[in-house]
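Per numbering that gives the first Met the number 0, the sequence shown runs over residues 0 to 210. Below is one structure; the comments refer to it alone.
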Amino acid sequence: MGLNRGIFITFEGIEGSGKSTQIKLLYKFLKANVSKKIYLTREPGGTKISEKIRKLVIKDLNEENNPLTELFLLFAARAEHYDLIKEKLRSGYIVLCDRYLDSTIAYQHFNGSIDLKLIHYLQKLIDKNIRPNLTILLDANPSVSKKRMHLRAKKLDRFDRESLKKMNIIKKGFLAIAKVEKKRIFVINGNADLDLIHDKIKSKVLKSLIK
Ligand code: TYD
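Quick look at the structure:
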């Protein structure tokens with residue numbers, strides 16, 4: 000569970016699931032109605048060094064690189080970032096993080112070749128097995144997500160170009176984690192109406208804040 004006073008909330012889902020839109024909506028809502036101490040961040044990234052690593056992972060690495068290179072870079076970024084998250088939680092912030100450990104399990108283990116034990120070993124070195132207090136999983140249909148991504152104006156990166164088959168493996172990976180960690184992970188249909196999803200997230204988060 001969380002550290003001392005703050006609350007750690009993560010958002011997970013496949014590309015185009017709408018999580019980045021929803022996390023920003025939640026950020027605005029909490030900042031306007033709940034507290035000024037809301038911290039919005041993302042993985043890979045979140046610190047100067049970790050954002051540099053993000054660029055390496057997303058733009059410079061490709062399928063020909065050793066999967067361990069990607070894994071170690073992701074964990075290097077997380078080691079730096081977690082220090083900042085810990086600091087924010089200790090100062091009483093609600094930390095909202097776009098992707099975290101579940102993405103590593105879904106992408107590097109379920110869709111990749113990385114042993115789950117290795118992921119948990121590295122994770123434990125960083126956060127001593129402290130898990131987010133709440134994880135919002137936006138479970139979207141990969142073909143709908145792909146359409147959304149193509150409608151976005153930005154250039155597609157290598158993760159965005161993932162095949163439907165791979166996106167399905169990642170989606171199933173997330174759902175498998177959610178099945179085991181029912182208390183932490185709240186699954187929402189990512190293909191529902193944007194406002195409806197926002198309302199569901201708000202009520203879940205507000206409940207978890209008064210616990
Ligand atoms: P993100 O910025 O969420 O991409 P998008 O906004 O396009 O959904 O995440 C970047 C990519 O990093 C994402 O496609 C998945 C990947 N990723 C991993 O493979 N493992 C991880 O542990 C994390 C945090 C991200």
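Don't be surprised by glycine CBs; every beta carbon is placed ideally from N, CA and C.
- Check whether the region 181–193 touches the region 126–137, counting contact only when three or more Cβ pairs, one atom from each stretch, lie closer than 8 Å. Under the 8 Å Cβ criterion, the region 181–193 counts as touching the region 126–137, having at least three qualifying pairs.
- Would you kindly report the start and end of the unbroken alpha helix (DSSP H) that includes I196? Looking up residue 196 in the sequence shown gives position 197. Counting along the chain, the alpha helix (DSSP H) containing I196 begins and ends at 193–209.
- Query: When you compare only the Cα positions, how much space is there between K206 and K18?
  - Reply: Walking along the sequence shown from the start, residue 206 turns up at place 207. Walking along the sequence shown from the start, residue 18 turns up at place 19. Whole-angstrom Cα-Cα distance: 20 Å.
- Identity of the residues DSSP links to D97 by a beta bridge: Sequence index remark: in the sequence shown, residue 97 carries index 98 (1-based). F10, R41, per the DSSP bridge assignment.
- Query: DSSP on L88, reduced to helix/strand/coil?
  - Reply: Stepping through the sequence shown from its first residue, residue 88 is reached at position 89. DSSP places L88 in helix when its eight states are reduced to three.
- Look at D97 and R41 and say whether their C-beta atoms are less than 8 Å apart. Mapped onto the sequence shown, residue 97 falls at position 98. Mapped onto the sequence shown, residue 41 falls at position 42. For D97 and R41, yes; Cβs fall inside 8 Å.
- Query: Looking only at its own chain, which residues have a Cβ that is under 8 Å from the Cβ of K35, when we skip the five neighbours before and after it?
  - Reply: The residue given as residue 35 occupies position 36 in the sequence shown. Same-chain partners within the cutoff: there are none.
- Ends of the beta strand (DSSP E) at T134? As a working mapping, residue 134 is identified with position 135 in the sequence shown. T134 -> beta strand (DSSP E) spans 133–138.
- Short CB-CB distance (under 8 Å) between T68 and chain C: No chain C appears in this structure, which consists of one protein chain only.
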